[in-house]
Amino acid sequence: MNLTLNIWRQSDPESPGNFDVFNVSDVSPDMSFLEMLDVLNEGLIVHDEEPVAFDYDCREGICGACSLVINGSPHGPQKATTTCQLYMREFSDGEEVWIEPWRVGAFPVVRDLVVDRSAYDRILQAGGFVSVRTGAAPDGNTIPVPKDVADRAFTSATCIGCGACAAACPSASASLFVAAKISHLGLLPQGQTERNSRVRMMLAQMDKEGFGHCSNHAECQSACPKEIDIGRIARMNRDLGRSFIRRT
Amino acid sequence: MSKSTVITRDTALPSAWRYSVMRKVFMAISGMVLVAFLFGHWAGNTVLLDGELAFNEYLVWLQRHPILHYGVWIVIAMALLVHLAVGPSHWLKNRRARPERYYKRKYRATTWAARTMMVSGLTLLLFICVHVAQVRGWLVFGASDSVFRNLQTGFTRWPVTTLYVLGQVALAFHLYHGVWSLFQTLGAHHPRYNQWRRPFAVVVGLGIAFLNIALVLLNIDAVRAVLR
Ligand code: HEM
Ligand code: FES
Chain A
1152 MNLTLNIWRQ
1162 SDPESPGNFD
1172 VFNVSDVSPD
1182 MSFLEMLDVL
1192 NEGLIVHDEE
1202 PVAFDYDCRE
1212 GICGACSLVI
1222 NGSPHGPQKA
1232 TTTCQLYMRE
1242 FSDGEEVWIE
1252 PWRVGAFPVV
1262 RDLVVDRSAY
1272 DRILQAGGFV
1282 SVRTGAAPDG
1292 NTIPVPKDVA
1302 DRAFTSATCI
1312 GCGACAAACP
1322 SASASLFVAA
1332 KISHLGLLPQ
1342 GQTERNSRVR
1352 MMLAQMDKEG
1362 FGHCSNHAEC
1372 QSACPKEIDI
1382 GRIARMNRDL
1392 GRSFIRRT
Chain B
2 MSKSTVITRD
12 TALPSAWRYS
22 VMRKVFMAIS
32 GMVLVAFLFG
42 HWAGNTVLLD
52 GELAFNEYLV
62 WLQRHPILHY
72 GVWIVIAMAL
82 LVHLAVGPSH
92 WLKNRRARPE
102 RYYKRKYRAT
112 TWAARTMMVS
122 GLTLLLFICV
132 HVAQVRGWLV
142 FGASDSVFRN
152 LQTGFTRWPV
162 TTLYVLGQVA
172 LAFHLYHGVW
182 SLFQTLGAHH
192 PRYNQWRRPF
202 AVVVGLGIAF
212 LNIALVLLNI
222 DAVRAVLR
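Residue numbers (this note's numbering), protein chains in the order written: chain A, 1152 to 1399; chain B, 2 to 229.
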């Protein structure tokens, strides 16, 4: 199939960007979106032109490196899918495709479609960890964790930190990411000791990074490739309120 | 690129206001207070239907209960102040949090009402100002000491009536998102009850708007004559 691509080009964080138009032909429906871009880049390199910069690592939907806002949706039109797991069969022959970077002030554009997501790393560094020694792995069931709680902690832990939530949020808020990390640790016994300081410090860091404030648009959960839901955000709000009332 | 530093100490215990999430919680609480007031306000004002004498008696009764009279004033003023301290500033910061807008944008979940909270909020603010001015007699020529008559003369002027209706429409939209949203903000998110939040918000929002408009209509003699 043939496609017209409008791709955001920006040479560095300070310069203004613009869309470049590319026509790609003979795209196989079985290519992934990133493979399609690889083919485009090979063509550009052969013609001594500057290839399009974009992020990726695992290409199997587990690392969170790939990004891209495709036709106005972070990670493209398919639900619960990272860009690297999006296949060209989701597009139709002759379609015009718009590709933009995550547009979040706290994620400055490095080049073209690559953004700097270290703001998320700093939020994790502020409190997204358990620093108490928990010893070697305990025998199964020595510390009982109810199944539904374990499940919720696990679904929260599936967050790959890709940034699609902030990219999708009309307010450019990082709430879903922060909330997923807080639920992931705060629901389990090891996470209790630092429960109060964790929620406060991660949220303080989130505000400091210049993200917007959650306005409950719920766009994040529709964009999340892991389908983490906004119930996590409600829980984070409860956790923060609780931290002002209870010691632990 | 200026790199931000990582917060390493949890020093913020005493000041909940420093957290955007807590400010939003305060806004949700103030919104709830305002909604509760609107229902009480409407219920009290049904006395309007009994005519000027009965309404004046109601006002005298209110004044004889200063706790009720001034208590409500203070609570409402505080709620509005909190609401205004958070809503517009968060809105501004949210705009700045995305300096370059998307050229193509596809929404999958949000609503029109949610994206226009600032517009409906500002309409409400304008409405509230004009409404107070109308009741107090600051607005219309030939204003009297009688709240009842000030209301009636006000509604003979089309800009006042139009703004009244606009205010109610804005209220319905504001609460379509607001009432749904405040549960989420306050952490009340539960798979069993989530499905009721939207219908509840619609009923509350449209409910107040409808009740208010109905009350004003019923006060117009011509409308009453038709109904009779
Ligand atoms: C009678 C008057 C009002 C009532 C009953 C009311 C009620 C509410 C409620 C219940 C919320 C939801 C809070 C939440 O999601 O946690 C809300 C949000 C909001 N209100 Fe109001 N409000 C009123 C007046 C105003 C005014 C005068 C303004 C602005 C000038 C305003 C601006 C906003 C904004 C911008 C939001 C959304 C903020 C966000 O989602 O981040 N409101 N309001
Ligand atoms: S490249 Fe790893 S998730 Fe897409």
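Positions of the beta carbon are idealized from the N, C-alpha and C atoms, including for glycine.
It should be emphasised that the depicted structure is a prediction, and the values quoted were computed from it without experimental measurement.
Taking TYR108(B) as the query, report the chain A residues whose CB atoms sit under 7 Å from its CB, ordered along the chain.
GLU1370
Using 8 Å as the limit for Cβ to Cβ distance, is ASN1388(A) near chain B?
yes
Apart from the five residues on each side of it in sequence, which residues of its chain come closer than 7 Å, Cβ to Cβ, to ALA226(B)?
none
Quick check: ARG1273(A) and VAL205(B), are their CB atoms within less than 8 Å of each other?
no
How is ASP51(B) classed by DSSP in three states: helix, strand or coil?
helix
Can you grab the Cα-Cα spacing for the pair HIS70(B) / LEU60(B), in whole Å?
9 Å
DSSP three-state label for THR124(B), please.
helix
Where do the ends of the beta strand (DSSP E) carrying GLU1247(A) lie?
1247-1251
Separation of LEU1391(A) from VAL1350(A), as counted between CA atoms
6 Å
Closest by CA to VAL203(B), which one among LEU123(B), TRP74(B), PHE174(B) and GLU58(B)?
PHE174(B)
Within chain B, the residues that LEU1354(A) reaches when beta carbons sit closer than 7 Å:
TYR20 and VAL22
Any beta carbon of chain B sitting closer than 8 Å to that of ARG1273(A)?
yes
Count the other C-beta atoms from every protein chain shown that fall within 10 angstroms of the C-beta of MET1357(A), then say buried if there are 16 or more, exposed otherwise.
buried
In whole angstroms, what separates the C-alpha of SER145(B) from that of PHE56(B)?
15 Å
Going by other Cβ atoms of all chains shown within 10 Å of its Cβ, with 16 needed for buried, is THR157(B) buried or exposed?
exposed
Per DSSP, LEU1154(A) forms a beta bridge with which residues?
VAL1175(A)
In this structure, what does DSSP give as the bridge partners for ILE1221(A)?
SER1224(A) and ILE1250(A)
Presumed contact (8 Å Cβ cut-off) between VAL76(B) and VAL34(B), rounded CB distance:
6 Å
Straight-line CA distance for ALA1385(A) to PHE1362(A)?
18 Å
For a test of your reading of the model: does the CB of LYS25(B) fall under 7 Å from any non-hydrogen atom of the ligand HEM? Yes or no.
yes
What does the shell around the ligand FES hold, if a residue joins when its beta-carbon is under 7 Å from any heavy atom?
TYR1207(A), ASP1208(A), CYS1209(A), ARG1210(A), GLU1211(A), GLY1212(A), ILE1213(A), CYS1214(A), GLY1215(A), ALA1216(A), CYS1217(A), THR1233(A), THR1234(A), CYS1235(A), GLN1236(A), ILE1311(A) and CYS1313(A)
Along chain B, which residues have their Cβ under 8 Å away from the Cβ of ASN1367(A)?
ALA115, HIS178, TRP181, SER182, GLN185 and THR186
Touch check for the region 1259-1273 of chain A and the region 108-126 of chain B: three-plus C-beta pairs under 8 Å?
no
TYR1238(A) by DSSP, collapsed to three states: which one?
strand
With a CB to CB cut of under 8 Å and the five nearest residues on each side skipped, what residues in its chain are close to MET2(B)?
In this prediction, MET2(B) scores a pLDDT of 45, lower than 50, which makes its location untrustworthy; the coordinate-derived value is nonetheless stated afterwards. Result list for MET2(B): empty, nothing under 8 Å.
Specify whether the region 1157-1175 of chain A and the region 1228-1236 of chain A touch according to this definition: at least 3 beta carbon pairs, one from each stretch, less than 8 Å apart.
no
Would the region 1360-1379 of chain A and the region 92-111 of chain B be scored as touching if the rule is three or more Cβ pairs under 8 Å?
yes
Can you pull the chain A neighbours of ALA171(B), defined as C-beta to C-beta under 9 Å?
Per Cβ cutoff of 9 Å: no residues; ALA171(B) is ~17 Å from chain A at best.
Residues sharing a beta bridge with SER1183(A), DSSP
TYR1238(A)
Please go through the same chain and pick out, in chain order, the residues whose beta-carbon is closer than 8 Å to the beta-carbon of TRP159(B), but skip the five residues on each side of it.
none
Within-8 Å CB hit, GLU1186(A) to chain B:
no
Is the beta carbon of MET1187(A) less than 8 Å from the beta carbon of GLY1278(A)?
no
Indicate whether at least one CB of chain A lies closer than 8 Å to the CB of HIS70(B).
no
Does any residue of chain A bring its CB to less than 8 Å from the CB of SER5(B)?
yes
Check ASN1400(A) in the structure and name its three-state DSSP category.
Past the boundaries of the shown model lies residue 1400(A); chain A is included only from 1152 to 1399, so the question cannot be answered.
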